[in-house]
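Trainee:
Numbering (my numbering), first residue to last: 17 to 93.
1. Can you tell me whether residue 76 is helix, strand or coil according to DSSP?
2. If residue 86 and residue 51 are in contact, beta carbons under 8 angstroms, what's the gap, nearest whole angstrom?
3. Can you grab the Cα-Cα spacing for the pair residue 56 / residue 62, in whole Å?
4. Does DSSP put residue 91 in a helix, in a strand, or in coil?
5. May I ask you to report which of helix, strand or coil DSSP gives residue 71?
Structure representation (structure tokens):
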């Protein structure tokens, strides 16, 4: 009912914020999965160690790439 009320009033700022928040959460979760898979591949032979810094850098890079993709899809060319 709140979304319907928001649309009836015409103030779409809250709706835009919700959409951006949902995109951020989805991209963050996907980036965590990508980083976990990358960590498993990197440590497959047990000779190299994937540090915490490398893990969060991988998450950040994945989020940046996901943001570019979502911006391309939502914003068009």
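Ideal Cβ placement from N, Cα and C applies to all residues, glycine included. The structure displayed is predicted, hence computed values, not measured ones.
Mentor: Let me spell this out:
1. Residue state, collapsed to three classes: helix.
2. The C-beta distance from residue 86 to residue 51 rounds to 18 angstroms, too long to meet the 8 angstroms contact threshold.
3. Distance between the alpha carbons of residue 56 and residue 62 is about 10 angstroms.
4. Per DSSP, reduced to three states, the secondary structure at residue 91 is helical.
5. Reduced to three states, the DSSP call for residue 71 is helix.
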